[in-house]
Ligand code: ADP
Ligand code: TRP
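Numbering (the working numbering), first residue to last: 20 to 343.
Rendered as structure tokens:
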């Protein structure tokens, strides 16, 4: 029998999980449980580059854990954990830092964006891609399901693994990104990428009324009801299509082009389509979010399983560099 591929990914608990996270990462990642051995985690150490509020961070972690569980992560057969429960990742980050050229990190988008905004980036933000490389390389990961915005981070990870392997001999496994090209980047309420950092999200789990309200706020152009419209350039349609069957998409695309359809109508249809897919998980989400004991137990067990793998890979790295 061929060995199953190992799949790993993480989400930063820096705010409420949203529809972009769901389509770009959570949905495809959870589907991969059927065919591979998965390691999914809450990137709480990464969140420290932005979150400066301990109660808020705890809350974000709890909500994100509840999202994974409500959507059906199989934590018995797979490994679901919290990044900070595996201290080995900090040590590997340091070792990798020592083979990572500064120039590689200076070209990273997140760092360049912070500089462009004339913010004073902290060292954690600068070193963010090295910690992410350690996350991935610590588990001999073969594939990483992420949204398109993470592509550069995967390239940096492969570069860092390459530098290490060239200097110390074949040690680290080079991972492949698994990007849902058809999902690409989901627009947010204001048309920019939907992101926790922009406060423009449709929350994945909220009440039905809140979901509807968020969808109604998506910006559109100012065409009147009678005017023909373009579905391809419409933010609402770009979200709608991921929750609708092909036939339903074609029907609505035709209605856009014909004219006579107002944006209020497609927004209502989008709300209903999201609710149809997410609704069945909502109750489970709210129950889990308040079940601290269950979340602590699941993450505790996941952390132990993750450490067992991580310590083996770290021992191999230590031997190669002369720290054994
Ligand atoms: P955010 O930008 O909201 O902070 P994260 O950086 O935590 O989101 O992203 C978690 C996962 O969700 C990543 O795999 C990322 O690529 C994916 N993702 C985030 N926003 C989007 C989006 N708007 N469209 C598609 N995928 C996204
Ligand atoms: N940087 C990722 C994000 O913001 C989160 C993340 C951290 C991650 N470590 C990872 C994703 C390792 C995949 C693999 O979405």
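Even for Gly, the Cβ is constructed at its ideal location relative to N, Cα and C.
Query                                                                                                                                : Result
Just reading off the alpha helix (DSSP H) that residue 227 is part of, what are its end residues?                                    : 227-235
Can you determine whether any heavy atom of the ligand ADP sits closer than 7 Å to the C-beta of residue 63, and answer yes or no?   : no
Tell me, please, which residues DSSP counts as bridged to residue 148.                                                               : BP columns for residue 148 are empty, so no partner.
Going by the C-beta, is residue 184 closer than 7 Å to any heavy atom of the ligand ADP?                                             : no
So residue 300 and residue 42 are supposed to be a Cβ contact under 8 Å. How far apart are they, rounded?                            : Not quite, the Cβ-Cβ distance comes to about 15 Å (not below 8 Å), so this is no contact.
Out of 236, 150 and 32, state which residue places its alpha-carbon closest to the alpha-carbon of residue 180.                      : 150
Does the separation of the CB atoms of residue 194 and residue 165 fall below 8 Å?                                                   : no
So does residue 92 have its beta carbon nearer than 7 Å to some heavy atom of the ligand TRP?                                        : no
Decide if residue 217 is buried, meaning its Cβ has at least 16 other Cβ atoms within 10 Å, or exposed.                              : exposed
Taking a contact to mean a Cβ-Cβ separation below 8 Å, would you say residue 336 touches residue 114 in this structure?              : yes
Quick one, which of 230, 227, 208 and 307 has its alpha-carbon nearest residue 220's?                                                : 208
Does the ligand ADP have a heavy atom nearer than 7 Å to the CB of residue 121?                                                      : no
Do residue 161 and residue 68 count as a contact pair if the criterion is CB distance below 8 Å?                                     : no
Candidates 147, 111 and 110: which alpha carbon is nearest residue 127's?                                                            : 147
Please classify residue 191: is it buried, with 16 or more other beta-carbons within 10 angstroms of its beta-carbon, or exposed?    : buried
Quick one: grab the DSSP three-state call for residue 90.                                                                            : coil
In the DSSP assignment, find the unbroken beta strand (DSSP E) run with residue 58 in it and report its ends.                        : 56-61
Nearer than 7 Å: is that true of the beta carbon of residue 70 relative to any heavy atom of the ligand ADP?                         : no
If you check the beta carbons only, do residue 101 and residue 154 fall under 8 Å apart?                                             : no
Are residue 47 and residue 223 closer than 8 Å when you measure CB to CB?                                                            : no
Exposed or buried, residue 33, counting other C-beta atoms within 10 Å across all chains shown (16 or more means buried)?            : buried
At 3 residues or longer, and completely inside the stretch 171-212: list those beta strand (DSSP E) runs for me, N to C.             : 195-198
Would you be able to state if there are at least three C-beta pairs under 8 Å between the stretch 254-263 and the stretch 281-297?   : yes
Which runs of the alpha helix (DSSP H) spanning at least 4 residues fall entirely within the stretch 260-291, listed in chain order? : 265-277
Measure the Cβ-Cβ separation of residue 144 and residue 130 and say whether it is below 8 Å.                                         : yes
Alpha carbons only, please: which of 267, 133, 328 and 314 is nearest the one belonging to residue 79?                               : 314
Using only alpha-carbon positions, find the residue among 278, 260 and 200 that is nearest to residue 246.                           : 278
Measuring straight from C-alpha to C-alpha, what distance separates residue 264 and residue 320?                                     : 38 Å
What residue range does the alpha helix (DSSP H) around residue 338 cover?                                                           : 311-340
According to DSSP, is residue 101 helix, strand or coil?                                                                             : strand
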